[in-house]
Amino acid sequence: MVEYKVADRLGYVAMESIRMEANGLESSSMYYVDKLISGEILPVGAYVDKNLIGGAYVSPSLSSLYIDSIFVKKEYQNRGYAKGLLQYIFDNKQLFEEYFNTEFDFSRLEPGSNDMVEFYKNIGYSGPNEMNIMKRRI
928 MVEYKVADRL GYVAMESIRM EANGLESSSM YYVDKLISGE ILPVGAYVDK NLIGGAYVSP
988 SLSSLYIDSI FVKKEYQNRG YAKGLLQYIF DNKQLFEEYF NTEFDFSRLE PGSNDMVEFY
1048 KNIGYSGPNE MNIMKRRI
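Each residue of the sequence shown is one higher than the one before, starting from 928 at the first, in the numbering used here.
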């Protein structure tokens, strides 16, 4: 059974480890850790049988609900979990508006590759623009 929810502070280290592994990184900078601790980024987790298998980092940027990063453990990729994370974010827009004290009409993100451009287009994003940013009305 899969569950999507905002992650609590105790899950930050595990979430950052999964992001690093999913992106093939060996060490983490403190960039996301600092933003998670300060509350500038709100993390959303994907849990299978209560085990964290992926996540997304959300922030208010570019006058939108910005998806800073979305990631899923390698062994769980291509099963719809990234799409589920995004759908959770869209369905719970009000939660993010209350947390960031901002109204959002759009979601924006930067695709990591050409394959991801097609993935995002298939779920309603347009672009990317000249700055490699994709946008979707929410």
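The beta carbon of each residue, even a glycine, is placed where N, CA and C say it ideally should be.
All figures in this text were calculated on a predicted structure; none of them were measured in a lab.
Can you tell me whether residue i is buried or exposed, with buried defined as 16 or more other CB within 10 angstroms of its CB?
{"i": "Ser-990", "result": "exposed"}
{"i": "Tyr-958", "result": "exposed"}
{"i": "Ile-968", "result": "buried"}
{"i": "Tyr-1026", "result": "exposed"}
{"i": "Gly-1007", "result": "exposed"}
{"i": "Ser-954", "result": "exposed"}
Leaving aside the five residues before and after residue i along the sequence, list all residues of the same chain whose C-beta is less than 7 Å from its C-beta, in chain order.
{"i": "Phe-998", "result": "Ile-945, Arg-946, Ala-949, Asn-950, Gly-981 and Gly-982"}
{"i": "Ala-934", "result": "Met-942, Pro-970, Val-971, Gly-972 and Gly-982"}
Check whether the Cβ of residue i sits closer than 6 Å to any heavy atom of the ligand ATP, and report yes or no.
{"i": "Leu-1013", "result": "With respect to small molecules bound, the structure shown includes none, and the ligand ATP cannot be examined in it."}
Give me whichever residues DSSP pairs with residue i in a beta bridge.
{"i": "Phe-1033", "result": "Arg-1064"}
{"i": "Glu-930", "result": "Tyr-974"}
Can you tell which of the options has the C-alpha that lies nearest to the C-alpha of residue i?
{"i": "Pro-987", "options": "Glu-1057, Glu-953, Ile-1016 and Gly-1054", "result": "Ile-1016"}
{"i": "Ser-1053", "options": "Val-929, Phe-1046 and Arg-1063", "result": "Arg-1063"}
{"i": "Lys-962", "options": "Val-933, Asp-995, Lys-932 and Val-975", "result": "Asp-995"}
With a CB to CB cut of under 6 Å and the five nearest residues on each side skipped, what residues in its chain are close to residue i?
{"i": "Gln-1021", "result": "none"}
{"i": "Tyr-993", "result": "Ser-986 and Arg-1035"}
{"i": "Tyr-1003", "result": "Ile-980"}
Ordered list of beta strand (DSSP E) runs contained in the segment 935-994, each at least 3 residues: 969-975 and 978-988
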